[in-house]
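In what follows, a single structure is set out as structure tokens and then discussed.
Numbering (the numbering used here), first residue to last: 3 to 61.
What follows is the structure in structure tokens.
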């Protein structure tokens, strides 16, 4: 049987995979959440979503 990976791919700006304990969704610091570069191309940091997964909390 073939296994199917249902985990969304990570973007370069993600610090963790979606759903990782201690992480959450945040606004991409490169494109400020718009998902595009100044020339209209998808942001390479967030993959065009405008969001990145980052560590939250502190210790």
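Where a beta carbon is used, it is the ideal one built from N, C-alpha and C, also for glycine.
Rounded to a whole number of angstroms, what is the C-alpha to C-alpha distance between residue i and residue j?
i, j, result
"residue 17", "residue 41", "26 Å"
"residue 53", "residue 25", "13 Å"
"residue 11", "residue 43", "19 Å"
"residue 22", "residue 57", "9 Å"
"residue 19", "residue 39", "23 Å"
"residue 47", "residue 13", "6 Å"
Looking at the structure shown, is residue i part of a helix, part of a strand, or coil, going by DSSP?
i, result
"residue 56", "strand"
"residue 20", "coil"
"residue 38", "strand"
Taking the alpha-carbon of residue i as reference, which of the options has the nearest alpha-carbon?
i, options, result
"residue 37", "57, 27, 55 and 51", "51"
"residue 15", "28, 58 and 59", "28"
Who are the near neighbours of residue i in its chain, counting only those whose CB is closer than 8 Å to its CB and skipping five residues on each side?
i, result
"residue 59", "24"
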